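Asks: Next up is a structure, given as structure tokens.
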Amino acid sequence: MIQFYYHPSPNPAKVALFLEESGLPYQLMPIDTRKGEQHSAAYKAINPNAKTPALVDDDVVVFDSNAILLYLAEKTGKFLPSDRPEARAEMLSWLMFVATGIGPYCGQAVHFKHYAPGDNAYAVNRYDFEAWRHWGIVNDRLAQGRYMLGETYTLVDMAVWGWARVAPFVLGAEAWDKLPNVKRLLDEINARPAAQRAEALKTRHTFKTEVDTDARKVLFPQNACLPT
Ligand SMILES: N[C@@H](CCC(=O)N[C@@H](CS)C(=O)NCC(=O)O)C(=O)O
2 MIQFYYHPSP NPAKVALFLE ESGLPYQLMP IDTRKGEQHS AAYKAINPNA
52 KTPALVDDDV VVFDSNAILL YLAEKTGKFL PSDRPEARAE MLSWLMFVAT
102 GIGPYCGQAV HFKHYAPGDN AYAVNRYDFE AWRHWGIVND RLAQGRYMLG
152 ETYTLVDMAV WGWARVAPFV LGAEAWDKLP NVKRLLDEIN ARPAAQRAEA
202 LKTRHTFKTE VDTDARKVLF PQNACLPT
């Protein structure tokens, strides 16, 4: 059976949604990143990047949320566009856009706005701008069709959903006034039973919620010695 290494945060959420949508049986493997469990040798043998999510499917090991989405979509043949080269190219473009743009810029915006000590005006300005710019592109895309790839719900929508869930935390309270098409997609996916089951996974395990000094040491070890 699939083992899904999970923490209740945006990148694992995408994979949780796919697993629940597809009906694949899986075992939940909690990794409490605020307690440093991502740094264990056993977990790094699965994901050398020491982050969640990761997935083991018998002798297949796959890490990085968007790679996992693609693996599961190809395994099941579900939530993919047609295999015409144009459709596949469009899917890969948007999936990589989410992987390399939405995820990293949102992650850094959250870091500098909510967790980093000090003022950080330059970093906040840069990452806030880039996070907004990327979400604006997604919002414009969703003005052209119901979903990221047109009229069919695919893995790319699941990748977007992972971070759209937390857009106000990333961007601020005005996120939904400025990104109505992203909000429309978020609301539509949130209404799906699979999304509700994916969200409920966090209640199956007691994860540490505080980002206290100990959590900072394992999440941002290179900065742990700096004053907070
Ligand atoms: N590119 C990776 C990023 C994974 C990532 O940053 N995961 C976060 C949760 S959303 C994490 O595990 N953070 C803990 C840490 O940085 O130590 C992916 O998409 O899976």
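Heads up: the sequence shown begins at 2 in the numbering used here, then just goes up one per residue.
Don't be surprised by glycine CBs; every beta carbon is placed ideally from N, CA and C.
Computed from a predicted structure; not experimentally measured.
Beta-carbon within less than 6 Å of A74's beta-carbon, same chain only, minus the 5 sequence neighbours each way: which residues are those?
Replies: For A74, where only same-chain residues beyond five positions count, the Cβ hits under 6 Å are F80, L81, L156.
Asks: Quick one: what's got a C-beta closer than 6 Å to L187's C-beta in the same chain, skipping five residues either side?
Replies: So the qualifying residues of the chain are A165.
Asks: What's the C-alpha gap between A199 and E21?
Replies: Distance between the alpha carbons of A199 and E21: 6 Å.
Asks: Just to confirm my understanding: we take S10, look at its own chain, exclude 5 residues before and 5 after, and list those with CB closer than 6 Å. What are they?
Replies: The answer is none, since no qualifying residue turns up.
Asks: Please determine whether the Cβ atom of S1 lies at a distance below 7 Å from any heavy atom of ligand 1.
Replies: The displayed coordinates of the chain run from 2 to 229. Any statement about residue 1 would go beyond what the structure contains.
Asks: Leaving out five residues before and five after K218 in sequence, what residues of the same chain have Cβ atoms less than 8 Å from its Cβ?
Replies: Once the five neighbours on either side are set aside, the close Cβ partners of K218 are G37, A225.
Asks: For the candidate residues K76, L71, I69, I3, whose alpha-carbon lies nearest to that of V236?
Replies: Residue 236 cannot be examined here, being either before or after the span of the chain that is shown, 2 to 229.
Asks: Quick one: what's got a C-beta closer than 8 Å to T77's C-beta in the same chain, skipping five residues either side?
Replies: Same-chain partners within the cutoff: S23, L25.
Asks: Let me have the residue list for ligand 1: C-beta closer than 7 Å to any non-hydrogen atom, ordered along the chain.
Replies: Selection output, chain order preserved: H8, S10, P11, N12, P13, T34, Q39, N50, A51, K52, T53, P54, F64, D65, S66, N67, A100, G104, G108, V219, L220.
Asks: Rounded to the nearest angstrom, what separates W162 and N126 at their Cα positions?
Replies: Between W162 and N126, the C-alpha separation is close to 24 Å.
Asks: Just to confirm my understanding: we take S66, look at its own chain, exclude 5 residues before and 5 after, and list those with CB closer than 8 Å. What are they?
Replies: Once the five neighbours on either side are set aside, the close Cβ partners of S66 are N12, P13, K15, V16, P54, A100, G104, A160, G163.
Asks: Once the 5 residues before and after Y116 are set aside, which same chain residues still bring their CB inside 7 Å of it?
Replies: Once the five neighbours on either side are set aside, the close Cβ partners of Y116 are V212.
Asks: State the Cα-Cα distance for the pair L150 and V171, rounded to the nearest angstrom.
Replies: Rounded to the nearest angstrom, the two C-alpha atoms are 24 Å apart.
Asks: If I follow the unbroken alpha helix (DSSP H) through V183, where does it start and stop?
Replies: Start and end: 181-191.
Asks: Is Y154 helix, strand or coil when you go by DSSP?
Replies: In this structure, Y154 counts as coil in the three-state DSSP scheme.
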